[in-house]
Amino acid sequence: MVLPPIKGLLLRVFFESADGGYYSPIFGKCYEVLPVPEPIRSDVDVSAIQRFQYSNIASRCGDHPLSKYIPYDYVLIGGSSHHVSRVVAHWDPRFDIGVYADYWRTIGGRIPKDFKDCENCYIFFAAGLAKYPPGFFDVKKGFTEIRKTFLKSDRGIYVVGYMKVDEIADLTEISEELSLRKSRYTLREVWEEAIARYGSKIKEIPHLLRPADLPTIVLSSEGNYKLFKEPIPLIEWVEGYKLLSDVSFVFGIKTFEDRIKYKVYAEEELKEVLKTLEKEKLI
49 MVLPPIKGLL
59 LRVFFESADG
69 GYYSPIFGKC
79 YEVLPVPEPI
89 RSDVDVSAIQ
99 RFQYSNIASR
109 CGDHPLSKYI
119 PYDYVLIGGS
129 SHHVSRVVAH
139 WDPRFDIGVY
149 ADYWRTIGGR
159 IPKDFKDCEN
169 CYIFFAAGLA
179 KYPPGFFDVK
189 KGFTEIRKTF
199 LKSDRGIYVV
209 GYMKVDEIAD
219 LTEISEELSL
229 RKSRYTLREV
239 WEEAIARYGS
249 KIKEIPHLLR
259 PADLPTIVLS
269 SEGNYKLFKE
279 PIPLIEWVEG
289 YKLLSDVSFV
299 FGIKTFEDRI
309 KYKVYAEEEL
319 KEVLKTLEKE
329 KLI
């Protein structure tokens, strides 16, 4: 049986229960999307680390950095605690420049090989958002207090943005090409070659902090990516009750148990998603 080609994805990104430990905050008419934390490696240049510190990433909802929403003690990475002084933001996807890095699905990542030479393919991104009490983050909090408040809050999973897949930079493929031209080369040369071919956006992703990393990078052209002004609810917890939204079925969310980590859409399913977003004037 030949499966129809994958034309669209829905991916869960940003802070969640196991990575970060709680959801990003949503306020009256604004919401934040907190990049998941990752450990600082000892073999990474200090200037590179600084670029991805929460204190150097601007908030969407005020004149302050995202560090306002980070505890003073620790966060979770894969369910294990890490002190905040030893983590940086895995700032990816980048909705300010239209770039997202992952790996091919065949090697444990989330990008299907169907995207290699794909026309009209899209990635939609979902995030957990929670309604914290007014002024809750005005005073720095510890992880335990944030977590307890989060677990009692009205919250949900929302679609927050999208990227059209306009170009794919496969760093593993570039590495293989270099191996045919040179008997010896460094991984830095692979990145330099990718930047030369695809532009400076390549160096604005946190995978540069991992010396041995050769990800697959999705590049989206100006006008083909967006972080929505208002998030689209899929599943919400309101006063202790779970609710499926009117558009959840369109996005393939059919039960309350769906954790919305990874959804794929064939062409006809993608058309329905795009039609819904066009109706809401979001795309």
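Under the numbering used here, the first residue of the sequence shown is numbered 49, with each subsequent residue one higher. We put the beta carbon where it would ideally sit given N, CA and C, even for glycine.
Residue i versus residue j - alpha carbon distance
i, j, result
"ASP162", "PHE304", "29 Å"
"SER65", "ARG232", "43 Å"
"ASP165", "TRP152", "13 Å"
"ILE54", "GLU252", "27 Å"
"LYS188", "TYR117", "8 Å"
"LEU267", "ASP186", "36 Å"
"PHE143", "LEU82", "12 Å"
"ASP306", "LYS249", "33 Å"
"TRP239", "SER90", "20 Å"
"ILE294", "ALA244", "Residue 294 is actually Asp in this sequence, not Ile. Near 45 Å, if we compare the C-alpha coordinates of ALA244 and ASP294."
"ALA137", "SER95", "14 Å"
"LEU275", "LEU330", "9 Å"
"LYS230", "ILE222", "12 Å"
"VAL312", "GLU224", "29 Å"
Member of the options whose CA lies at the smallest distance from the CA of residue i
i, options, result
"GLY146", "ARG307, GLU270, GLY247", "GLU270"
"GLY288", "GLY68, LEU275, LEU199, ASP93", "LEU199"
"THR192", "TYR120, PRO254, ARG229", "TYR120"
"PHE299", "TYR206, LEU257, ARG258, ARG158", "TYR206"
"TRP285", "LEU256, PHE143, TYR71, GLU167", "TYR71"
"HIS255", "LEU235, ALA244, TYR273", "LEU235"
"LYS277", "VAL312, ASP140, VAL208", "VAL208"
"VAL84", "LEU282, GLU316, ALA175, ARG229", "ALA175"
"GLY69", "TYR122, SER115, ALA96, TYR102", "TYR122"
"PHE204", "LYS327, LYS290, MET211", "Checking the sequence, you will find Gly at residue 204 rather than Phe. For the residues LYS327, LYS290, MET211, the minimum Cα distance to GLY204 belongs to LYS290."
"GLY76", "LYS179, GLU328, VAL213, LYS230", "LYS179"
"TYR273", "PRO52, ASP202, TYR246, ASP214", "ASP214"
Same chain only: Cβ atoms within 7 Å of residue i, ignoring 5 sequence neighbours per side
i, result
"THR220", "LEU262"
"PHE184", "THR197"
"ALA361", "Examination of residue 361 is not possible in this model, given that the chain is present from 49 through 331 alone."
"CYS78", "ARG108, CYS109"
"PRO87", "ILE125, HIS130, ARG134, VAL135"
"ALA260", "LEU235"
Counted within 10 angstroms of its Cβ, other Cβ atoms place residue i as buried (16 or more) or exposed
i, result
"CYS169", "buried"
"PRO182", "exposed"
"THR264", "buried"
"PHE297", "exposed"
"GLY157", "exposed"
"GLU80", "buried"
"ILE301", "buried"
"LYS327", "exposed"
"LEU325", "buried"
"LEU51", "exposed"
Other residues of its chain near residue i: CB distance less than 8 Å, five sequence neighbours each side excluded
i, result
"LYS309", "LEU59, ARG60"
"GLN98", "ASN104"
"PRO279", "ILE74, TYR79, ALA175, LEU177, TYR206, VAL207, VAL208"
"PHE172", "GLY56, LEU57, LEU58, LEU59, VAL207, GLY209, TYR210, PHE299, VAL321"
"GLY190", "PRO119, TYR120, ASP121"
Neighbourhood of residue i by C-beta distance below 6 Å, restricted to the same chain and skipping five residues each side
i, result
"PRO160", "ILE54, ARG153"
"LYS212", "TYR170, SER268, ASN272"
My parser needs the beta strand (DSSP E) runs of 3 or more residues fully inside the stretch 193 to 234; what are they?
If we require 3 residues or more, the beta strand (DSSP E) runs fully inside the stretch 193 to 234 come out as 202 to 212, 215 to 218.
Entirely enclosed alpha helix (DSSP H) segments - the stretch 111 to 170, minimum 4 residues
Those alpha helix (DSSP H) runs which fall completely within the stretch 111 to 170 and span 4+ residues do not exist here.
Enumerated in chain order, which unbroken segments of the beta strand (DSSP E) with a length of 3 residues or greater are wholly contained in the stretch 233 to 300?
Taking 3 residues as the shortest admissible run, the stretch 233 to 300 contains the following complete beta strand (DSSP E) segments, listed from N- to C-terminal end: 264 to 267, 273 to 286, 289 to 292.
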